[in-house]
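Novice: From first to last, the protein sequence lines are chains R and F.
Those letters in the first sequence? Residues 332 to 473, by the numbering used here.
Those letters in the second sequence? Residues 110 to 294, by the numbering used here.
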Amino acid sequence: MHCVIGGAYAGKRDAVRARYDALAWHSAYAGAELEDWKKRALPGTTLVLEGWEQWLATALADNGDDDRLRQRFTETLDALISAERERDLRVVLILLEMGRGIVPIAAIDRRLRDLAGWLAQDASERAEWVSYVWHGLVKDLR
Amino acid sequence: MIAFVSGGARSGKSRHAEALARSWQAERGGGLYYLATARAPSMTADAEMTRRIARHRRERGDDWMTLEEPVAIDTALAQVADRGTVLLDCLTLWASQVLYASPLDEGAAVAMLRHVMHEARARQLRLVVVSNDVNEGLPNHDAEVQRYVAFLQRLHRLVVTEAELVVQVIAGVPVYWKGERPCTP
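(1) What is the rounded straight-line gap between the Cα of R/Ala339 and the Cα of R/Glu428?
(2) Pairing CB atoms from the region 232-246 of chain F with CB atoms from the region 128-145 of chain F, are three or more of them under 8 angstroms?
(3) For a contact defined as C-beta to C-beta under 8 angstroms, what are the partners of R/Asp440 on chain B?
(4) In chain R, which residues lie with their C-beta within 9 angstroms of the C-beta of F/Arg166?
(5) Determine, using beta carbons only, whether F/Arg266 comes closer than 8 angstroms to chain R.
(6) Name the DSSP bridge partner or partners of F/Ile111?
(7) Taking only beta-carbon positions, decide if R/Ala339 is within less than 8 angstroms of chain F.
(8) Any contact of the region 410-427 of chain R with the region 344-362 of chain R, i.e. 3+ C-beta pairs under 8 angstroms?
(9) Identify the contact partners of R/Arg348 in chain F, using a Cβ-Cβ distance below 9 angstroms as the criterion.
(10) Just checking: is the beta-carbon of F/Ala259 within a distance shorter than 8 angstroms of some beta-carbon in chain R?
(11) Can you tell me whether F/Ile279 is helix, strand or coil according to DSSP?
(12) Mind checking the region 342-368 of chain R against chain F and listing, in chain order, the residues whose C-beta falls within less than 8 angstroms of any C-beta there?
(13) By DSSP, does R/Tyr340 sit in helix, in strand, or in coil?
(14) Confirm, please, whether the CB-CB distance from F/Met221 to F/Ile111 is below 8 angstroms.
(15) Per DSSP, what are the beta-bridge partners of F/Met174 in this structure?
(16) Using beta carbons (cut-off 8 angstroms, strictly below), is R/Arg305 in contact with chain F?
(17) Have a look at R/Gly337 and R/Glu415 and give me their C-alpha separation to the nearest angstrom.
(18) Does the CB of F/Trp286 have a neighbour CB from chain R at under 8 angstroms?
(19) Going by CA-CA distance only, name the one from F/Leu197, F/Val239, F/Asn241 that's closest to F/Gly174.
(20) Under 8 angstroms between the Cβ atoms of R/Thr376 and R/Asp453?
(21) Quick one: what does DSSP say R/Glu381 is sitting in, helix, strand or coil?
(22) How about F/Thr270: is its C-beta nearer than 8 angstroms to some C-beta of chain R?
Here is the structure:
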């Protein structure tokens with residue numbers, strides 16, 4: 332698994348396109364539900380999951396328990412890692428850095444920011460490669 | 110030679126960019142220019158902005174020739190003598206003035222910035238561009254703010270592609286993304 336993290340419009344997608352081919356995009360921005368990733372996880376492809384902050388926002392709107400939510404997303408990460416091993420698949424996660432602004436006023440925004448930060452930590456912990464994208468440049472952190 | 114220096118608010122990016130411009134100027138002579146995209150204190154009614162500009166001036170010292178230009182940075186660059194070193198501070202403000210206080214559209218602004226970098230190279234000037242990282246906080250729901258962030262990122266990626274030296278300043282510490290750390294600073 333490879334985590335590609337960076338701010339908005341930093342060039343994360345271009346960084347992924349430059350490094351991998353046979354890309355299968357599973358994107359919240361295109362309306363995909365997170366749970367449906369298995370349908371797109373075809374052998375020989377690089378499965379790219381993007382829009383995690385949208386999946387998190389949807390999940391936190393119906394669930395008040397952040398620890399449980401974090402746990403649920405961690406289970407998805409573990410399932411992705413297993414799928415990588417079981418099928419001939421590579422998984423790339425595009426993660427939006429959103430923790431560097433001021434503390435949001437609305438509680439729901441603070442929760443989203445927290446969950447996005449935890450997800451990035453949980454994903455990076457499991458990933459073989461971690462890259463940070465800054466204004467179109469890529470630094471491999473691991 | 111073009112450098113790009115960015116980072117968060119009060120990360121020390123201006124101080125680092127100034128030191129870099131000074132070391133370039135010391136290396137090859139020529140004038141030292143400060144191309145300010147912020148308007149002069151007399152032209153701004155914002156007391157906080159006035160103090161901010163005064164603080165930057167004080168910290169910079171007075172051996173700089175100051176050019177003030179909120180939008181037409183190409184015209185301002187034309188006033189720089191050969192062999193000059195120019196510190197353009199900052200792209201963030203320029204981007205907002207282009208979008209909200211000028212008739213330029215995004216494409217024309219990108220072309221102007223491209224032209225400025227091309228001219229700097231053609232005339233063998235040294236150009237240090239300072240900007241601000243504003244894209245790593247919680248995404249703003251406002252469409253206009255999103256447009257601004259997208260536009261600024263387009264500018265950042267353009268300058269980063271062109272620049273030989275790219276520096277991210279974190280808590281006063283420069284991280285070199287492109288190019289080598291100069292002997293000074």
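Note that CB positions come from ideal geometry on N, CA and C, so glycine has one too.
Being a predicted model, the structure only gives us computed values, none of them experimental.
Specialist: In this structure, then:
(1) Taking the CA atoms as reference points, R/Ala339 sits about 7 angstroms from R/Glu428.
(2) Taking 8 angstroms as the limit for Cβ pairs, the verdict is that the region 128-145 of chain F does touch the region 232-246 of chain F.
(3) The structure shown contains no chain B; its protein chains are R and F.
(4) Contact annotation for F/Arg166 against chain R: no contact, minimum CB-CB distance about 27 angstroms [criterion: below 9 angstroms].
(5) Closer than 8 angstroms: yes.
(6) For F/Ile111, which the question treats as bridged, DSSP gives the partners F/Leu236.
(7) True, the Cβ-Cβ gap to chain F drops below 8 angstroms.
(8) As far as the Cβ criterion goes, the region 410-427 of chain R touches the region 344-362 of chain R, which means the pair count is three or higher.
(9) Ordered by position in chain F, no residue passes the 9 angstroms Cβ test against R/Arg348, which lies about 14 angstroms from the chain.
(10) True, the Cβ-Cβ gap to chain R drops below 8 angstroms.
(11) The answer is strand: DSSP assigns F/Ile279 an E or B state.
(12) If the cut-off is 8 angstroms between Cβ atoms, the region 342-368 of chain R has Gly342 near chain F.
(13) Coil.
(14) Contact: no.
(15) F/Tyr142, per the DSSP bridge assignment.
(16) In the structure displayed, chain R extends from 332 to 473; residue 305 of chain R sits before or after that span and is not available.
(17) If you take the alpha carbons of R/Gly337 and R/Glu415, they lie about 23 angstroms apart.
(18) So, interface residue.
(19) Checking the sequence, you will find Met at residue 174 of chain F rather than Gly. Of the residues F/Leu197, F/Val239, F/Asn241, the one whose Cα lies closest to the Cα of F/Met174 is F/Leu197.
(20) For R/Thr376 and R/Asp453, no; Cβs fall outside 8 angstroms.
(21) In the structure shown, R/Glu381 sits in a strand (DSSP, three-state: E or B).
(22) Nearest CB-CB separation between F/Thr270 and chain R: below the 8 angstroms threshold.
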